[in-house]
Amino acid sequence: MQTQSKVLKWALIIGIVIVLNMFFNYALSLVYKNPKFEAFCPIQQINVLVDNQEQCVSLGGQWNPNIQTNIQPTPVSAVKILPQGYCDQQFTCRNNFDAAQKVYDRNVFITLVILGAICVAVGNFLAGNMLVSIALSLAGVLSFIIASMRYWGSADDLIKVIILAIALAILIWVAVRKFKNN
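My numbering numbers the first residue of the sequence shown as 56 and each following residue consecutively.
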């Protein structure tokens, strides 16, 4: 009967940890919308071929000149006319989208870290129910991990080191608080 009780406790702890983090992330996605690429770079039904630098730049694109290569003429046509370059018409709108996505990722990171810190704090000060205390502490730690994973690609190297240092300090603090030697 003791083994069944331990399994049930750990199943409840794991369930609380997972569901609480799913709740955080889903509620956050409802309240704070992710930027959509189409809002920055609308899909057009008719795409116009832009074949010169001036027109490309005026449309917010980036002109990329062709690199001269030796192209052998094909038997079908002895003369091969190469365009002078190509236009990346989504250059400006894509950069604007990337900047908005970076701000969104940072704000989600901050929100999830705050929610995780609240969980860890409540879990450490909730001494009356050890099961809920452990579950909230672990949910907070998992929230830190999820926040870091979501923001990792957008973070600068210094921010990554700071994230890892804070995460390590919190994990050690939780371990010391929860598992003191008697």
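Where a beta carbon is used, it is the ideal one built from N, C-alpha and C, also for glycine.
Exposed unless 16 or more other CB atoms sit within 10 angstroms - verdict on residue i
i	result
Gln144	buried
Val168	buried
Leu75	buried
Ala82	exposed
Gln60	Residue identity check: residue 60 is Ser in the sequence provided, not Gln. The residue is exposed, with fewer than 16 neighbouring Cβ atoms inside 10 Å.
Val105	buried
Spatial distance of residue i from residue j (CA atoms)
i	j	result
Phe78	Asp212	30 Å
Gln108	Val175	56 Å
Val216	Leu223	11 Å
Cβ pair residue i, residue j closer than 7 Å
i	j	result
Ser192	Leu170	no
Same chain, Cβ closer than 7 Å to residue i, five either side skipped, listed in chain order
i	result
Arg205	Asp160, Val163, Phe164
Thr166	Leu83
Residues near residue i in its chain [Cβ-Cβ closer than 8 Å; skip 5 each side]
i	result
Lys157	Ser209
CB contact check: residue i to chain B, cutoff 7 Å
i	result
Cys142	This model lacks chain B altogether; it includes just one protein chain.
Cutoff 6 Å; reference residue i; Cβ partners in own chain excluding five residues on either side
i	result
Gly195	Gly171, Cys174, Val175
Thr147	Gly115
(message) Is it the case that the segment 212 to 222 contacts the segment 93 to 101, given that we only count it when at least three CB pairs across the two stretches are under 8 Å?
(response) Contact between the segment 93 to 101 and the segment 212 to 222 is absent, because fewer than three Cβ pairs lie under 8 Å.
(message) Count Cβ pairs between the segment 176 to 184 and the segment 140 to 155 that sit closer than 8 Å; are there 3 or more?
(response) Flag = no, the segment 176 to 184 and the segment 140 to 155 do not touch.
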